[in-house]
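There are 2 protein chains.
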Amino acid sequence: MTSKTEIIAVGSELLLGQIVNSNAQFLSQQLAENGLNVYYHTVVGDNPARLEQAVKIAKERSNIIIFTGGLGPTKDDLTKETIANILGKKLVTDEEALRSIEDYFVKVKRSMSENNKKQAWILEDSHVLKNEHGMAPGMAIEADDRIYMLLPGPPSEMKPMFIKFGLPYFREKLGQNDKIISRVLRYFGIGESQLETDIQDLIDAQTNPTIAPLAGDGEVTLRLTARHQQEAEAVRLINEMEKTINSRVGGFFYGYDQTTLADEVLRHLRQSNMTISAAESLTGGLFSDQLTAVKGTSDVFKGTIVCYTNEVKQSILNVSKETLDQHGAVSEQCAKEMAEQIRKLTNSDIGISFTGIAGEDPVEGKKPGTVYIGLACIGQPTKTVLLHLAGNRNAIRRRTVKYGCHLLIKTLLENTAE
Amino acid sequence: MTSKTEIIAVGSELLLGQIVNSNAQFLSQQLAENGLNVYYHTVVGDNPARLEQAVKIAKERSNIIIFTGGLGPTKDDLTKETIANILGKKLVTDEEALRSIEDYFVKVKRSMSENNKKQAWILEDSHVLKNEHGMAPGMAIEADDRIYMLLPGPPSEMKPMFIKFGLPYFREKLGQNDKIISRVLRYFGIGESQLETDIQDLIDAQTNPTIAPLAGDGEVTLRLTARHQQEAEAVRLINEMEKTINSRVGGFFYGYDQTTLADEVLRHLRQSNMTISAAESLTGGLFSDQLTAVKGTSDVFKGTIVCYTNEVKQSILNVSKETLDQHGAVSEQCAKEMAEQIRKLTNSDIGISFTGIAGEDPVEGKKPGTVYIGLACIGQPTKTVLLHLAGNRNAIRRRTVKYGCHLLIKTLLENTAE
Chain A
0 MTSKTEIIAV GSELLLGQIV NSNAQFLSQQ LAENGLNVYY HTVVGDNPAR
50 LEQAVKIAKE RSNIIIFTGG LGPTKDDLTK ETIANILGKK LVTDEEALRS
100 IEDYFVKVKR SMSENNKKQA WILEDSHVLK NEHGMAPGMA IEADDRIYML
150 LPGPPSEMKP MFIKFGLPYF REKLGQNDKI ISRVLRYFGI GESQLETDIQ
200 DLIDAQTNPT IAPLAGDGEV TLRLTARHQQ EAEAVRLINE MEKTINSRVG
250 GFFYGYDQTT LADEVLRHLR QSNMTISAAE SLTGGLFSDQ LTAVKGTSDV
300 FKGTIVCYTN EVKQSILNVS KETLDQHGAV SEQCAKEMAE QIRKLTNSDI
350 GISFTGIAGE DPVEGKKPGT VYIGLACIGQ PTKTVLLHLA GNRNAIRRRT
400 VKYGCHLLIK TLLENTAE
Chain F
0 MTSKTEIIAV GSELLLGQIV NSNAQFLSQQ LAENGLNVYY HTVVGDNPAR
50 LEQAVKIAKE RSNIIIFTGG LGPTKDDLTK ETIANILGKK LVTDEEALRS
100 IEDYFVKVKR SMSENNKKQA WILEDSHVLK NEHGMAPGMA IEADDRIYML
150 LPGPPSEMKP MFIKFGLPYF REKLGQNDKI ISRVLRYFGI GESQLETDIQ
200 DLIDAQTNPT IAPLAGDGEV TLRLTARHQQ EAEAVRLINE MEKTINSRVG
250 GFFYGYDQTT LADEVLRHLR QSNMTISAAE SLTGGLFSDQ LTAVKGTSDV
300 FKGTIVCYTN EVKQSILNVS KETLDQHGAV SEQCAKEMAE QIRKLTNSDI
350 GISFTGIAGE DPVEGKKPGT VYIGLACIGQ PTKTVLLHLA GNRNAIRRRT
400 VKYGCHLLIK TLLENTAE
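Taken in order, these protein sequences are the chains called A and F. Mapping the first sequence onto numbering that gives the first Met the number 0, position 340 (from 1) lands on 339, and the numbers just tick up by one. Mapping the second sequence onto numbering that gives the first Met the number 0, position 353 (from 1) lands on 352, and the numbers just tick up by one.
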């Protein structure tokens, strides 16, 4: 069948503008990449009569109807009940989901209120989509030549459920034989318009694979998507296009798919068998937070001194009073000493430092956006980098950390190449 | 009339997931604050037949229909044409809009292509909403006891147009003299279902003010919205409801509107004239990052040691080898020493520490989700708190920081009360 998909988000918080319907965007992207046509998004509140009407309209004009939200424990959560009524199906308890909900409450040592059992209800005869990141399971059911899929509202639960269980369900039902392979190429240090200019002829001529650029927060990505009956051939098409693109802009390429600059730093550290520590002034712990947000960081990351005051820079980090008096905290000299001192204090192979001005006012006669990064590698002269960044306080802090990560990756790659 | 508002966004880029429907969120917020009920959002592509169908459905169920997008110069931009057909209205050129479009092209020294004239077309008899940030004007028209409003798609044009011309149009048409006041109450440490249970009778009986709960990332908020001809009376209604609600759940209340737990920590520190430092193991810099993301933190926050390894806990933070050997890094004793040592090392009034297990595997015989927070205040016995948190690695880290902030706020409030 030709897919005519409608995404119905259920939740009054959307109609009050408290949250944006990012679920519809995510699902639309995923469905488009997998060749399903999305014709409508609908948002309706936690109101059974209006939800019922919306479902009836969707039945008339769509043959795949995906719901997000309204699977929770409260009285307001009515998606399952409403669809059960319309399809003439019963709601039954899914024992596996119930056990996992009970386990959750045992784990957090809280008593489970009765209404939580409702989260384990599913439509009879439906295919359960397991919730590995929350309590309420999703489900899919075929009825009246249509497919109905119910997904939870919180994006942290909905997204992984849809990728792992929802998409495969559709692919099987719709008998999609072409293999679709996607790969995201990630770039840092090049603007979106520059990157697009450099590969404009490839973008204009795209057929298979397709090339979709996206920019955000100082990074640019290209999503390559190829389809072919043979998976190996789809992969070959992508490999070839990647090679052509990176022969032009490969100097700014840093990784694939969902990786982050922090992930790549950790990967290269492990490959080089090196340890790192940081001294953070401007960035206030953000660099360390990004490294430690990744699992198993402790084999390469030792620790950080967040030295937000000159007092801490001197007393704990041992930056010399002379440096601070003569050059100031936002200076090449201070960045250098911070990197060297943290490396020594923690007995690490690499010390990295961040100092600069993120606020709106000049400090020590230097303009906002002035940033120094110091990088001390064992057995090498200490490097420093001066940046002039634009943007608000948090944009400057985030960009600084990204530049630091990019500098680390380049340095670790050079070390390996030597 | 009672408003039943529907927002229809027109644009295939939304259905492909290339952009998120932030216009619907913005309009919903504005409309809610001004007392208009939004019952539906619809997104439809640049397809005249499907757009026509969507408008017909909206006419059946809504009496205010707001369109965004599809007012531009290209063939795909069909909103005006479609609505003109449905309402049986002609499209006429708005001379003022045409002049402003022509002026624009003169200003940027580009020649104006013929299709740009289409942007100056308006529905006959409609009220023009001037576009001060782009070319295509918006418009509003009453027909069949309904109000239709057409707004441009780019948020940078739509938002200022709606605030300056769209809202006043509605207020006049609907004869709204009422002042509308909103206030968000923020809670931490209580689940959404528990909070709702505690105030269910108030929610069931709500009229003026209304009470809208929302949960996210471990926090729960209640938005109170009151309306009255006298602003002072609307404020009084909100004050009274807040008092009633917080007589029941005030122990979990931490602040108003857009504030965060980190903001409140900083505010209470300033009020108490106290300084703070942190020792972060589990949280890896996240607590410090959240404090330093706020402007002007350096008057109360001195610094942090991120002690991700036991080596750094000993060598820089001076946690005793005995404690680490006998009790382990994830222990009450270690949390206590970490908090006390960072306070002393940095000469701060308060030291806070975070240690625990965010990964999936037990450490030192303790389960994932086991977290200790230590709090050393000058002149007081050191406190420790043991938490059992569920969720993935980053959920545990984020919740831990929130619990730490909440503990700080409570402690600072108690100190003030003494």
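Ideal Cβ positions, reconstructed from N, Cα and C, are used throughout, including at glycine.
- Listed in chain order, the positions of the segment 342-363 of chain A with a beta carbon within less than 7 Å of a beta carbon of chain F are L344, T345 and G358.
- Counting only Cβ-Cβ distances below 9 Å, A/T322 has no contacts in chain F at all, with the closest Cβ about 17 Å away.
- Annotation for A/I408: no beta strand (DSSP E) segment contains it, though the alpha helix (DSSP H) segment containing it runs R392 to A416.
- Per the coordinates, the alpha-carbon of F/S155 lies some 34 Å from the alpha-carbon of A/R247.
- Here the C-alpha atom of F/T381 lies approximately 19 Å from the C-alpha atom of F/F300.
- For A/T4, the uninterrupted beta strand (DSSP E) segment begins and ends at T4 to V9.
- By DSSP's assignment, F/L201 forms no beta bridge with any residue.
- Not a single C-beta of chain A is nearer than 8 Å to the C-beta of F/A204.
- Ranking A/A375, A/V370 and A/G390 by CA distance to the CA of A/T399 puts A/V370 first.
- Residues A278, L316, N317, V318 and G350 of the same chain have their beta carbon placed closer than 8 Å to that of A/Q340, with the five preceding and five following residues left out of the count.
- Scanning F/E59, F/H227, F/G68 and F/E191 for the CA closest to the CA of F/T220 turns up F/E191.
- Put simply, the CB of F/S2 is far from chain A, with every gap to its CB atoms at 8 Å or more.
- Relative to the Cα of A/H132, the nearest Cα in the group A/Y402, A/D144 and A/L150 belongs to A/L150.
- Interface annotation, A/A119: not in contact with chain F, CB-CB separation never under 8 Å.
- Listed along chain F, no residue sits closer than 8 Å to A/F66 by beta-carbon distance, the nearest being about 14 Å off.
- By the CB criterion at 8 Å, F/I198 and F/A233 fall outside the cutoff.
- Under the 8 Å criterion on CB atoms, F/V43 is classed as interfacial with respect to chain A.
- Where F/P47 is concerned, the enclosing alpha helix (DSSP H) starts and stops at P47 to R60.
- In the DSSP annotation of this structure, the continuous segment of the beta strand (DSSP E) that includes F/P212 starts and ends at T209 to G215.
- Using a 10 angstroms sphere on the CB of F/A48, the tally of other CB atoms stays under 16, which defines it as exposed.
- Contiguous beta strand (DSSP E) elements confined to the segment 285-340 of chain F occur at 300-306, taking only those with 3 or more residues.
- At the C-beta level, F/A328 and F/G373 stay beyond 8 Å of one another.
- In the three-state scheme derived from DSSP, where H, G and I count as helix and E and B as strand, A/T67 is classed as strand.
- For F/F252, the enclosing beta strand (DSSP E) has its first and last residue at F252 to Y255.
- Note that the segment 267-277 of chain A does not touch the segment 198-217 of chain A; fewer than 3 beta-carbon pairs, one per stretch, sit closer than 8 Å.
- Listed in chain order, the positions of the segment 378-402 of chain F with a beta carbon within less than 9 Å of a beta carbon of chain A are H387, L388, A389, G390, N391, R392, N393, A394 and R396.
- Within the same chain, and ignoring the five residues on either side of A/R396 in sequence, the residues whose Cβ sits closer than 6 Å to its Cβ are T282, L285 and A357.
- In the three-state DSSP reduction, A/R145 falls in the strand class (E or B).
- Counting only Cβ-Cβ distances below 8 Å, F/N20 has contacts in chain A at V19, N20, A23, Q24 and H40, in chain order.
- Collapsing the DSSP output to three states places F/M138 in a strand.
- About 6 Å separates the beta carbons of F/I65 and F/L26, which is inside the 8 Å limit, making them a contact pair.
- With its beta carbon at least 8 Å from every one in chain F, A/S271 lies outside the interface.
- Annotation: Cβ neighbours of F/D288 in chain A (cutoff 7 Å, chain order): G283, G284, L285 and D288.
- With respect to the C-alpha of A/T296, the residue from F/V305, F/D288 and F/S297 having the closest C-alpha is F/V305.
- Bridge pairing for A/T369: A/H387 [DSSP].
- Inter-residue distance for A/N62 and F/E195 is about 37 Å (C-alpha atoms, whole angstroms).
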